[in-house]
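*Asks:* First the structure, then my questions, so here it is.
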Amino acid sequence: MIRFTLLSLAFLGLAINGFAQTTSDQIASIIEVQQYNRAIHIMAMLLIGFGFLMVFVKKYGRSAITATFLLVSVALPMYLAIKSMGIFHSQGEIEQFILAEFGAASLLIAAGAVLGRIKIYQYMILGLLFIPFYIFNELVVIEDHFHFIGTIADTGGSIVIHAFGAIFGISAAISLSTLKQRETPIEADATSDRYSLLGSMVLWVFWPSFCGALVPPEAIPYAVVNVFIALSGSTIATYIASVSIRGKVNAADIANAALAGGVAIGSTFDHASHLEAMIIGLIAGAISTTGFAIFQAKQEKFHKIVDTCGVSNLHGIPGIFGGLAAIVVVDGLDMSAQLKGILLTVVIAIVAGLITGKIVSLFGTPDHIYDDEAEFEE
Amino acid sequence: MIRFTLLSLAFLGLAINGFAQTTSDQIASIIEVQQYNRAIHIMAMLLIGFGFLMVFVKKYGRSAITATFLLVSVALPMYLAIKSMGIFHSQGEIEQFILAEFGAASLLIAAGAVLGRIKIYQYMILGLLFIPFYIFNELVVIEDHFHFIGTIADTGGSIVIHAFGAIFGISAAISLSTLKQRETPIEADATSDRYSLLGSMVLWVFWPSFCGALVPPEAIPYAVVNVFIALSGSTIATYIASVSIRGKVNAADIANAALAGGVAIGSTFDHASHLEAMIIGLIAGAISTTGFAIFQAKQEKFHKIVDTCGVSNLHGIPGIFGGLAAIVVVDGLDMSAQLKGILLTVVIAIVAGLITGKIVSLFGTPDHIYDDEAEFEE
Amino acid sequence: MIRFTLLSLAFLGLAINGFAQTTSDQIASIIEVQQYNRAIHIMAMLLIGFGFLMVFVKKYGRSAITATFLLVSVALPMYLAIKSMGIFHSQGEIEQFILAEFGAASLLIAAGAVLGRIKIYQYMILGLLFIPFYIFNELVVIEDHFHFIGTIADTGGSIVIHAFGAIFGISAAISLSTLKQRETPIEADATSDRYSLLGSMVLWVFWPSFCGALVPPEAIPYAVVNVFIALSGSTIATYIASVSIRGKVNAADIANAALAGGVAIGSTFDHASHLEAMIIGLIAGAISTTGFAIFQAKQEKFHKIVDTCGVSNLHGIPGIFGGLAAIVVVDGLDMSAQLKGILLTVVIAIVAGLITGKIVSLFGTPDHIYDDEAEFEE
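Residue numbers (our numbering), protein chains in the order written: chain A, 130 to 507; chain B, 130 to 507; chain C, 130 to 507.
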């Protein structure tokens, strides 16, 4: 009898163990497939979102889209190749891929600053040079590989994706733009504006999947709603600021600054309350619109356009603001680490951008800029 | 020995209980993340879908997109804020958010009726006034808070989202439109039509996620296929009806009436057979196209355009048809509740729309309508 | 005491069994909902992707979109209706639906070859005739219903979806095109190109969900990354080949050939290493661009345009190349089955296409081709 009981117990134990193992494996696979869904959302942002946002340059649409295709196609395999070299700790297949997409996003932001001023194949060179610098910054600031920073709050990449990309891009633009390029005006029309607003909407819609890509399932609901709330805040603030400053609405303000809430909430969306998310969004939208409506407009007036898409106003300033907002919002944050992380990112981005811009400029300068005809058939 | 057996049993029981608890929690999280995926699909419909569908007005594209951005950004936080006031029973974070998206969808439908006839900031006022009325109707008809309706079939919102929004919008349009506005023709061209068809396709693709957003996982497969079948039916019927009535195809018919199957199946997609779904889709497409090709065309002929986007033909009539179709399709339906629900929704929408239209009109009337230039730079 | 122990054991066993059953059912539902997510991604490819890719024909945009709507709306219900007739083994609801989407994809490819040369209602006839032939080929080659092929590697449909559709389409085009049609030039402009590139990007983004739609969860991560790598490869190769052959970039090359990696990886993405995926992508992009830049260009020069969208260059050749690549890449592949599968698919597609083209042509030939005005209002 006792033997029977013991045997039953053992059998039961084994069966349960087997079932538990299978179930855990299945759940792990399911969670990774859910990450994959967010990876697809991010891919929509990279190609359709960033791609079409840059189609606002009236005569440069086909080139902007081709550049986007090439930047993404260079960045993803290169990031994966470097990360598979064995000096980095290994990660899940999709997790690694999402990190590669983050790198591609940062690269597209950087490219926005020099858009239309380099030949199409030079975007590929830009990508090849950018990714190693980006990985280096990731290593220093996020993984704290050299142990002199500590842990920072930046799950959605306000600092290491947005600010890094923007500052890199502007630095590259400074070191590669010619005087003639700075004096060439950028033209948009109703059709290019509508394409740009399409790209903007794609970015808006999928932004929560960008921020929440690597967040564990149980934390996703509250965090993604925060992202939508921040985007709503920046959209409202953008409209109000645009009309207040300019007297009329400006399509570029709407297409860009409406997204500033997404940029700024990246460091805090997994810690903020819904009210804090709304406040961060409102401030980010107002800051970003001010950037476009006052600073960008002034640059254009004095024929000194350096930053084609105004990435400093959308990703640079709001990104740093987002990183700083964490100091107020995140309980138990290591403030010194956060400030060091921001500072180091800025420094690395400036140096890397200046070097890269110089190298890219060695491959020549296009005669006609902001124009497809230079390199496209017909 | 017995002590050992008992201890083993107790230990096993505890281990199993812990595992079961963890597994249940994980599965609950996974299911909520799946809801989140559908929330993203709905967001694509709200911004890109509804937004670009309204870009058919040739010169009003940037305004239509900006209006969409603002309507969504006002509606979502406002719905969430009201619902968090404590007088409503609490819900999952994503569930609540999806209900807010439903409200935003209904608002966008309402806005379609007055599109181009109000100033851009007036869309925000429209949104602020709409959401409380929408929540009131939800409370009365869906949650049956006052216990005089019973349970109705309307999971996908044929009645409370589509018909409510359309009737509210037309009522608002009646009370705010000036004679001059009604006589101003609406112009489209090949480019604005293609944008509009893009919006239409985005709506078509993600419609099953709209209907099925809050359906439990095991009921999703059959139900979502029903939605696709209904959409296929309305698309085919739209083409045939458009050519039959007009002699030629009309882009606005295709962009709009092709979606009528999605509108009409909302009350029954979780109960109908595939064949019933096809029949509902075919009828809805034919009804809707007749609305656009005969009634809308007549309105335009007599210079009495009230409903800019023709939301009565896409959301109004097909929505009510869908609500009535449940009487035939859904087993054990409380017919009196269904009829009372439809009737009350219509009454609330008319009253709320007339009041709202009047209030919005107090903020002024634009001089130039259907035209970006009035409020946009350049 | 013993009775108590036994009772406890029995109770525990029952409770565990119940929990295990519930958990397994929930996991099965969750996995099917994940398939549904991929079904939505595929639907985005069918309507927005294929639809807008075909909008490159400058004056035929509204017709191309309407044709896409109708082709999908005819194909899906028809496929589901035939498959529910009882002679096929039953499948999960979403699995069946995804197979229907595969059929619709193949049909859209076929339609690309005759785009603009038939009246709009003739696309519906094309769809009605295509689907039975497609199901027949599926039965013969994939399900090996007549037991004379064996098992082939083609999870993502390089052979049975892409090559079949392309060869069917070209055969139909040959048998229905008039001499006058072949001599009519196809015109594109900057706006139609940007729409086309939008469609291309939508296809690129969601392609991994197309290939991986029916792959089990645990195999998805590695396989989908392979698809993205292959697409990156073909995108880079396309740009390089386009500039090398033509001297300038060509928008149609980018919009089409950048996708060739996705076409070609369909037979091997679930077996290849990341490096093999990159190589397959690079080769496919180069082959496809050569097709567009040399063969298509020559056809146009000699006024002998047969294949409107160049589906032979995007889906035909790269599809067959992908099917052959499996011979090198897939361990333990039945080479003779693979070759027989390819050959039979080609033969069935040619015969079916010629017959279908002849039948469609019996319904007449449009006077004006590649032009919306022929059948659209305004």
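Positions of the beta carbon are idealized from the N, C-alpha and C atoms, including for glycine. Keep in mind that this is a model prediction, so the values were computed, not measured.
(1) Which residues in chain A sit within 7 Å of B:Thr320, going by Cβ to Cβ distance?
(2) Thinking C-beta only, is B:Gly445 closer than 8 Å to B:Ala295?
(3) Can you list, in chain order, the residues of its chain with a C-beta nearer than 8 Å to that of A:Ala317? Leave out the 5 residues immediately preceding and following it.
(4) Quick check on the burial criterion: 16 or more other C-beta atoms within 10 angstroms. Buried or exposed for A:Phe265?
(5) Quick check: what's the CA-CA separation for A:Leu175 versus C:Leu327?
(6) Just to confirm my understanding: we take C:Tyr208, look at its own chain, exclude 5 residues before and 5 after, and list those with CB closer than 6 Å. What are they?
(7) Please list the residues of the segment 154-166 of chain C that have a C-beta atom closer than 7 Å to any C-beta atom in chain E, keeping them in chain order.
(8) When the cut-off is 8 Å and only beta carbons count, does A:Ile211 lie next to chain C?
(9) Any C-beta of chain B sitting closer than 8 Å to the C-beta of A:Lys377?
(10) Given that A:Ala173 touches chain C, what residues does it touch there, using C-beta distances under 7 Å?
(11) Flag this pair as touching only if the segment 428-447 of chain C and the segment 250-259 of chain C have three or more C-beta atom pairs under 8 Å; answer yes or no.
(12) Kindly indicate which residue of B:Val435, B:Ala168, B:His170 has the alpha-carbon position closest to the one of B:Gln310.
(13) Quick check on DSSP: helix, strand or coil for A:Val186?
(14) Kindly indicate if chain C contains any beta-carbon less than 8 Å away from that of B:Val201.
(15) Pull the bridge partners of B:Val378 from the DSSP assignment, please.
(16) With a threshold of 16 other CB atoms inside 10 Å of the CB of C:Asp154, please say whether the residue is buried or exposed.
(17) Mind checking A:Arg167: buried by the 16 CB within 10 Å criterion, or exposed?
(18) Which residue from C:Ala193, C:His274, C:Leu462 puts its Cα closest to that of C:Ile216?
(19) Give the range of the alpha helix (DSSP H) segment to which C:Phe262 is assigned.
(20) Nearest-angstrom Cα distance between C:Gly482 and A:Ala503?
(21) Check for me: the alpha helix (DSSP H) holding A:Lys430 runs from which residue to which?
(22) Does the beta carbon of C:Asp501 sit closer than 8 Å to a beta carbon anywhere in chain B?
(23) Taking all protein chains shown into account, decide if C:Val289 is buried (16 or more other Cβ within 10 angstroms of its Cβ) or exposed.
(24) Is there a Cβ from chain A that is less than 8 Å from the Cβ of C:Tyr189?
(25) Is there a Cβ of chain C sitting closer than 8 Å to that of A:Leu343, yes or no?
(26) Within 8 Å of any Cβ in chain A, is that where the Cβ of C:Phe140 sits?
(27) Can you tell which of B:Gln425, B:Thr397, B:Ile315, B:Ile408 has the C-alpha that lies nearest to the C-alpha of B:Met183?
(28) Can you say whether C:Tyr404 is buried or exposed, counting buried as having 16 or more other CB atoms within 10 angstroms of its CB?
(29) Thinking just about the alpha-carbon of each residue, which of B:His170, B:Asp501, B:Gly147 is nearest to the one in B:Leu332?
(30) In terms of alpha-carbon separation, which member of B:Thr494, B:Gly221, B:Phe398, B:Ala387 lies closest to B:Ala348?
(31) Where do the N-terminal and C-terminal ends of the alpha helix (DSSP H) with B:Val344 fall, by residue?
(32) Would B:Ser361 pass as an interface residue toward chain C - the criterion being a Cβ-Cβ separation below 8 Å?
(33) Using 10 angstroms around the beta-carbon of B:Met407, count the other beta-carbons present and answer buried if the total reaches 16, otherwise exposed.
(34) Judging by CA-CA distance, which residue of B:Phe431, B:Gln425, B:Val475 is the nearest neighbour of B:Cys438?
(35) For C:Pro350 versus A:Glu506, is the C-beta spacing smaller than 8 Å?
(36) By the 10 Å Cβ neighbour count, where 16 or more other Cβ atoms means buried, how is B:Ile131 classified, buried or exposed?
*Replies:* On the basis of the supplied data:
(1) Identification of chain A residues near B:Thr320 by a Cβ-Cβ cut-off of 7 Å yields Thr320, ordered along the chain.
(2) Annotated as proximal: B:Ala295 and B:Gly445, with beta-carbon spacing under 8 Å.
(3) In chain order, Phe185, Val186, Lys187, Ser325, Ala380, Ala381 place their CB closer than 8 Å to the CB of A:Ala317, counting only its own chain and leaving out the 5 sequence neighbours on each side.
(4) Burial call: exposed.
(5) So the two alpha carbons sit approximately 13 Å from each other.
(6) Ala229, Gly232, Ile260, listed in sequence order.
(7) No chain E is part of this structure, whose protein chains are labelled A, B and C.
(8) Not an interface residue.
(9) Chain B contact via Cβ: present.
(10) One finds Val334 in chain C with Cβ atoms closer than 7 Å to the Cβ of A:Ala173, taken in chain order.
(11) A contact between stretches requires three or more CB pairs, one per stretch, nearer than 8 Å, and the segment 428-447 of chain C fails this requirement with the segment 250-259 of chain C.
(12) The shortest C-alpha separation from B:Gln310 is found at B:Val435.
(13) It is coil, neither helix nor strand.
(14) Contacts with chain C at 8 Å (Cβ-Cβ) do not include B:Val201.
(15) DSSP output for B:Val378 lists C:Phe505 as bridge partner(s).
(16) Its Cβ having fewer than 16 others within 10 Å, C:Asp154 is exposed.
(17) A:Arg167 should be labelled buried.
(18) Ranking the options by Cα distance to C:Ile216, first place goes to C:His274.
(19) Segment 249-266, the alpha helix (DSSP H) holding C:Phe262.
(20) For C:Gly482 and A:Ala503, the distance between alpha carbons rounds to 41 Å.
(21) From DSSP, the alpha helix (DSSP H) with A:Lys430 extends over 426-430.
(22) Yes, its Cβ sits closer than 8 Å to a Cβ of chain B.
(23) Label assigned to C:Val289: buried.
(24) For C:Tyr189, the nearest beta carbon of chain A is not closer than 8 Å to its own beta carbon.
(25) Taking 8 Å as the CB threshold, A:Leu343 stays off the interface with chain C.
(26) No, because no Cβ of chain A sits closer than 8 Å to the Cβ of C:Phe140.
(27) Minimum Cα distance to B:Met183 is reached at B:Ile315.
(28) At residue 404 of chain C the sequence reads Leu, which differs from the Tyr that was named. By the neighbour-count rule (16 or more Cβ atoms within 10 Å), C:Leu404 is not buried but exposed.
(29) Closest in C-alpha terms to B:Leu332, from the list B:His170, B:Asp501, B:Gly147, comes B:His170.
(30) Minimum Cα distance to B:Ala348 is reached at B:Phe398.
(31) Bounds of any alpha helix (DSSP H) do not take in B:Val344, whose DSSP letter is neither H nor E.
(32) Output row for B:Ser361: interface = yes.
(33) It counts as buried.
(34) If we check each option's Cα against that of B:Cys438, B:Gln425 comes out closest.
(35) Contact flag unset, no.
(36) By the 10 Å Cβ count, B:Ile131 comes out exposed.
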